[in-house]
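Structure first, then comments.
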Amino acid sequence: MPDTIPAVLAAAQHAGRSGHDLTRSVATAYEIRIAQARGICPHAHEIGAAIATARPRCPSART
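The sequence shown begins at 1 in full-length UniProt numbering and counts up one residue at a time.
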């Protein structure tokens, strides 16, 4: 996730935005990444345990 901050900072500087706008943009980027992680069913895609905690009860989970 740290790769998001430099990109958002560069975009904010280029657009002449305030620190408040920068903070909101970073928070939004984190929320998007979390939503993406929750949308992935790690059991269906055989992804590691790091993402498995984001959505532990997906439809294809083996019980």
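All C-beta atoms, glycine included, are put in the ideal place defined by N, C-alpha and C.
Where residue 18 falls, given that 16 or more other Cβ within 10 Å makes a residue buried:
Around the beta carbon of residue 18, fewer than 16 other beta carbons sit within 10 angstroms, so the residue counts as exposed.
Closest Cα partner of residue 3 within the set 13, 23, 30:
Of 13, 23, 30, the residue nearest in Cα terms is 30.
Through-space distance from residue 35 to residue 62, alpha-carbon basis
Confidence in residue 62 is poor, its pLDDT being 49 and thus under 50, which makes the residue's placement too unreliable to answer from.
Let's see if you can read the secondary structure: which residues bound the alpha helix (DSSP H) around residue 34?
Per DSSP, the unbroken alpha helix (DSSP H) holding residue 34 starts and ends at 19–39.
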